[in-house]
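As structure tokens, the structure follows; a few thoughts come after it.
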Amino acid sequence: MADLLYLIPLLPLVAFVINILWGRSTIRGNAHWIAIPAAVGSWVLSIITFREIYTDHHAISQRLFTWIPAGDFNIVVSLYADQLTAVMLLVVTSIGMLVCIYSVGYMHGEDGYYRFYSYIPLFIFSMLMLVLADNLLTLFIFWEAVGLCSYLLIGYYFRRRSAGNAAKKAFIVNRVGDLAFGIGIMLTYWTFDSIYFHGEDGILEKAYHFADYGISEGTIMAIGILLFIGACGKSAQFPLHIWLPDAMEGPTPVSALIHAATMVTAGIYMSARSYTIFIGSENAMLFVAVIGSITAFMAASIALTQHDIKKVVAYSTVSQLGYMAFALGTGAWVAAIFHLMTHAFFKGLLFLGSGSVIHGMHGEQDMRKMGGLRKHMPITFWTFLIGSAANAGIFPLAGFWSKDEIIVGAWVSDSHYGKVAAIIGLCAAFLTALYMFRLVFLVFFGEERFDSHVHPHESGPWMAVPLVILAVASIFVGFVGFPPEDGAFHEFLHHAFEHVHGHEVSMTMTYTFGIVSTVVALSGVAVAYITYMRKAINTDELAERFSGIYNFLYNKWYVDEFFMAAVVNPMKDIANFLWKVVDVRIIDGTVNGVGTSIVAISARLRRVQTGSVANYALEIGVGMVVLLGVFLVAFGNLF
Amino acid sequence: MGDQPIWITFIVTFAIMTVLLLSMAYTTWYERKVLARFQDRLGPTRTGKAGLMQPLADAVKLMGKEDLVPDAADRNVFLFAPLITFTTALLSAAVIPWGGTVQIFGTDVNLYPTDINVGALFILATGSIGVYGIILGGWSSGNRYSLLGAIRSAAQVISYELILGFSLVGIFIITGTMSLTDIMFKQHEMLSFGPFEISNWFVLTQPLGFVLFVIAAVAETNRAPFDLPEAESELVAGFMTEYSAMRFALYFLGEYISMIIMSLFAATLFLGGTSGPGADKFWGLGIMWLVLKVMAFLFFYIWLRATLPRFRFDQLMGLAWKVLLPLAILNIVVTAFFRLIGNGQVF
Amino acid sequence: MSWELVFFAVFSAAMLLCGLGVVAFENPVHSAVALVGSFINVAALFVMLGAEFLGVLQIIVYTGAVLVLVLFTIMLIDPTKLPEFYVGAPLQRFASVVVGAILLAEIGVAIITRTALEQIGPHTEAMVQQMGGNVQAIGQVMLSEYALAFEIASLVLTVGVVGAVVIGLPNRMVEPNTVTMSLGHTRGSSDMLAAGPKFESPMNIPAERYTAPVGERTVVMTKDPDAYTHPGETSK
Amino acid sequence: MDLTTNHFLFVSAALFVIGMMGVLTRRNILIIFMCVEMMVAAVGITLVAFSHETATINGQVFFLFALAVAAAESAVGLAIVVALSRQGRAPDVEEMQTLKN
């Protein structure tokens, strides 16, 4: 298998090339017949790879070619698959494959169908290369490549102005994180003299024994924070999360694949990949944990007030990413990856489910105009319900196991902040259950609020089958982490985090937290039931009474406005200054001045041109005489 | 081949000159006789036995005539032009070998005036200077017919000189030298095909080159059917119209020397020069073979004149640029290709 | 005094005299003849310098081809249209002479004060003989070291020939594609029709000016002689 | 007195200057043209002389290329003169002043 590792990313790349070259002219509506086999092939190969790593307990690597040879600095593009990568490979290819299949139904008849089915394989290729990268630079390249795919797919409906703006916003906000990430990579190379993760001279080993190499803890902290700011951009952590809700302008399958399951977890993956750097610095860990917990809570609170079905799911994604980040920050590495995996399945399911709802509602996204859809689309309803329960962390679905583990991990961590984080996590868990079931009740129960001409219908098999598969996965995928802290998943991933010394967690504590979080989640569901099914509490009245808080939440904590005022407008002012003063006055003035003076000079010089060939010849002769004279004098022949 | 005292070179040169001038005189006789036979006449018979003294009589007549210079003529150029044709034609003989180094009365004698590295090109060069005699003569006469003849000559000579040069390139490729002596002795080698042995004459390996060379040589010497510069019937003898007496004779002789030189040249390059049965044993036999080949060539010249009508001017140029030149280039390419095969550089 | 020096003196004197002749003769044909003489002597100098291939080539290319073409061209030109001898401005003539004299002096100084190159290249006379002679030596250097330059030179020649053909094409001359007929004139006369040009045209045409394409050309027929010529239409 | 390279160089310089005088003072384009050819030949003598002195063949090869370029140039130049004469214009440099101002 080690020799065929390259096939995993190559298959989607081939599909991309074929579709982008011939999609528009020849393939057109059949583009999925190119993309789906490639995705399935990658998936099969990923499973084989996973099996091999699972049985042999050692990493696979394959050297492809030397990209940049520069003296003793060589960038070798090689693929590296260890346990962590294997998990990511499975997640990426499974969701990618299911999304490819789902989109046949969802995207049917759209303009630029081939475009969709070229960008999706391109994204899968880039994401696979990202997780297979064995050094920071290749990782960075494909980090940018997935960003590009994200940009292309958010702007898929580029004729819509808001889609174009959202694409640009995603790209630009990501640049902020990427800048920090780039600086982090440079600092890494400067500090460790290497950009490779593994091996004796790899950064993981060196960072773990940083004191032996004479590296100060401050440097490690700087690298850690810089890398995590990069992760913030990609994984939508506060305050760089603002692009993700807007990214919902793209087609829903794209949201499921890129903006829920895979690309946004790249930051979490990258941080986990370079975990020894964070282990080396408590402050960096603290930074990660604080950001993560703020994100988790903030996004959950915003999700409460949103009306757009996709926006709610999007904020839910941000919130769950926050969980993963504070799991990283409190040292619960395996739990973070575990949650990453379970989240990929149930959030993919939720997005695809909401896509199915939107599809059935002919593009309607506002929850206030839905209701009672349970009867019209039963498959969607049941799968969506499973997804929501998993997201809310209700026993024994996937979300319960991983979320519970994160909270326990935070509680028992060495960090002082751990317990605070655990409590914030519990609060967020309550909110999660609340907004998830608010969504379910508003959409699937109650009276039918949609317009009379809308006739909701169940989606076809292309869309239903992936939903069912994902629902089944959302139920069962959590059991790989059973029993908590000691399951097969932990056993497996333990090899990837060999420098982590976990805490012994007593069974009592595990059960206590299991019960507590279940209670919290169920109470969230109960509140939602009372509010939205029984109508015991009038939400509008509530919003009016606490209008300050409501507006604060409804306007997404005013983060966008803050950025507008603090960053965008000053930038515009500076640009205006550069344009109107520097460019127009100084630069144009200089250029025009040069032009004018040349015109003036040449008006006089023009008289030299007599037009007589004889004169020109004489001038050449004079020039020759002068030159020869100069040479004679200069070389000392004459005088 | 080797160095020899300068006086031997002088003697050899003198001998060759004498032979050339005499043979030139008798070529006129030869032509008149052969042409007469073609036309079912007898030719000169009165002067001496079978008219053998006719050339001398002609010479006396021409020398005795008045040397006319037209008023409209550019006098200096007019007087000077015939000399160019005559001398350059003679100059070509300097590089043509009549044999190798032989022993005569116990001394080594080179049977060639000189053996320079670029002998073949030298003949082309002298030929290209020779054309000035015609151009200047025609121009300086101050006569329209003459001028037309001169212009025609200029165009014709430029075109056919190219083909003359190109037709030889195949031989240069095969032999790797331009020295006429070397080329000639290359042809003395024998090729064996099983029981048969034949001389390695380049007419066998370069048949196309030979044909091109012959056509171009006829045109170079302004002989029928390429005698447009002097075309009697249309231009009243073209560039020679205003010439009389000895200057006319110089043109006339120059033309015949050119013919002989071209024949010698062709014999040396394509027909093995002095090669022939017994030539390796005795040098006299070699010279005899060479003379025979030249005679055959001269006969061919006269034969052409007797049988072919004159070309029209556009036909002449079209033949040169559209037929002969591509063929010559083809010949070069094919020869080079076979040379590469021979060197084992292709297969 | 060696024989070489004598030959050199003869050749170079002849060469320079002929060169002066080129400049001084009034008749271009005489100049051309002088140039032929000059070039033959240049070739002789080449041979003296051991470059017999270049010597022969100089004669074949310059005297045999280029100057024949020049003579050909001179003969094509109307002798009555030959320009005057000198360029117009006296200042130009004076300056030319001064510049020439200074240049000669400068080159002379440069030659006298120069130091000979000590390095000796690989192509000594013995070496050239071993390679088979001057032609072979040039061939080897030209087709190995200067192969690219050789190809470029052939390209330059091709471009030159194509350019010459294009410039010399008779089509470059103004050849009107439009033929104008006036129906207001009697044929072969510049007088107008006696009785009212406009009404008694031999042909009935629909307008004052009637344009009809005939093959590649355009025929314009006019009733009124005043419309006979129209600026800008003859040379379309 | 032996024959040295300098002799050839002097002769070449003289021929060059003679050619240059012709270019600068004559009015007939054809004459100017011939004078240019003469200057090229003069340069050729210099090249071959140095080639002889330093026992390198490169000078001769250079002149060969110069010859090729001069041949191409003569073809174009003569074509221009022919075109001029077709238009009934004299081959006079003073008349060709399109470049003026």
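As they're listed, the protein sequences go chains C, P, S and F.
Position 625 (the first sequence) corresponds to 625 in the working numbering; numbering is contiguous.
Position 35 (the second sequence) corresponds to 35 in the working numbering; numbering is contiguous.
Position 102 (the third sequence) corresponds to 102 in the working numbering; numbering is contiguous.
Position 35 (the fourth sequence) corresponds to 35 in the working numbering; numbering is contiguous.
C-beta atoms are modelled at their ideal positions from N, C-alpha and C, and glycine is treated no differently.
Predicted model only: the values in this text are computed from it and were never measured.
Secondary structure at Gln103 (chain P): strand, using DSSP grouped into helix, strand and coil. In this structure, Leu49 (chain S) and Ala49 (chain F) form a Cβ contact; the two beta carbons are roughly 6 Å apart against a cut-off of 8 Å. If only complete runs of 4 or more residues are kept, the region 18-90 of chain C shows the alpha helix (DSSP H) at 32-56, in order along the chain.
DSSP places Arg144 (chain P) inside the alpha helix (DSSP H), whose first and last residues are Arg144 to Thr175. Of all residues in the region 99-133 of chain S, the ones placed with a Cβ closer than 8 Å to any Cβ belonging to chain C are Val99, Gly100, Ile102, Leu103, Glu106, Ile107, Val109, Ala110, Thr113 and Arg114, in chain order. The alpha-carbon separation between Tyr117 (chain C) and Arg449 (chain C) amounts to approximately 35 Å. Put simply, the backbone Cα of Leu340 (chain P) is about 40 Å away from that of Thr5 (chain F).
Taking 7 Å as the CB threshold, Asn117 (chain P) lines the interface with chain S. Distance check between Leu11 (chain C) and each of C:Arg24, C:Asp588, C:Leu257 and C:Ala35 places C:Ala35 closest, using alpha-carbon atoms only. Counting only the Cα atoms, Ala266 (chain C) lies some 20 Å from Ala222 (chain C).
Ser42 (chain C) is classed as buried because its beta carbon has at least 16 other beta carbons within 10 Å across all chains shown.
Relative to the Cα of Thr88 (chain P), the nearest Cα in the group P:Pro55, P:Met259, P:Lys33 and P:Phe193 belongs to P:Met259.
Proximity to Ser293 (chain C) across C:Leu328, C:Ala261 and C:Ala272 peaks at C:Leu328, based on C-alpha coordinates. Under a 10 Å Cβ-count criterion, Met127 (chain S) is classified as exposed, with fewer than 16 other Cβ atoms of the shown protein chains found around its own Cβ. Those residues of the region 41-53 of chain S placed with their C-beta closer than 9 Å to a C-beta in chain P are Ala43, Val47, Glu52 and Phe53, ordered along the chain. Under the Cβ distance rule, Val10 (chain S) does not count among the residues neighbouring chain P, no pair being separated by less than 7 Å. Under the 10 Å beta carbon count, Gln156 (chain P) is surrounded by 16 or more other beta carbons and is classified as buried. The straight-line gap separating the alpha-carbon atoms of Met127 (chain C) and Ser61 (chain C) is approximately 17 Å.
Here the region 47-62 of chain C does not lie against the region 226-241 of chain C, with fewer than 3 beta-carbon pairs under 8 Å apart.
The residue among P:Ile135, P:Val294, P:Phe313 and P:Pro70 with its C-alpha nearest the C-alpha of Ser244 (chain P) is P:Pro70.
Val625 (chain C) has a beta carbon lying within less than 7 Å of a beta carbon in chain S. In the structure shown, Asp40 (chain P) falls within a coil segment according to DSSP collapsed to helix, strand and coil. The region 266-277 of chain P makes contact with the region 93-112 of chain P, as at least three CB pairs between them are under 8 Å. By the 16-neighbour rule on beta-carbons within 10 angstroms, Asn135 (chain C) is buried. Here the C-alpha atom of Val173 (chain C) lies approximately 21 Å from the C-alpha atom of Val312 (chain C). Taking a cut-off of 8 Å on C-beta distances, the region 63-83 of chain S touches the region 70-89 of chain F, as three or more cross pairs fall below it. Listed along chain C are Ala617, each with a C-beta nearer than 7 Å to that of Val23 (chain F).
Rounded to whole angstroms, the Cβ separation of Thr49 (chain C) and Ile8 (chain C) is 7 Å, and the two are in contact under 8 Å. The DSSP assignment places complete alpha helix (DSSP H) segments of no fewer than 4 residues inside the region 267-325 of chain C at 275-280 and 282-303, in order along the chain. Pairwise C-beta distances place the region 13-29 of chain P out of contact with the region 209-223 of chain P, as fewer than three of them are shorter than 8 Å. At a cut-off of 7 Å, the C-beta of Leu17 (chain S) has no neighbouring C-beta in chain F. For Arg217 (chain S), the enclosing beta strand (DSSP E) begins and ends at Arg217 to Thr222. Contact of Val93 (chain F) with chain C is assigned, a C-beta pair being separated by under 7 Å.
Among the residues facing chain C, Ala24 (chain S) is not included, as its CB has no counterpart in that chain under 7 Å away. With contacts defined as CB atoms closer than 7 Å, Cys149 (chain C) and Tyr114 (chain C) fail to qualify as a contacting pair. Counting C-beta pairs closer than 8 Å gives three or more between the region 44-63 of chain S and the region 118-132 of chain P, which meets the contact rule.
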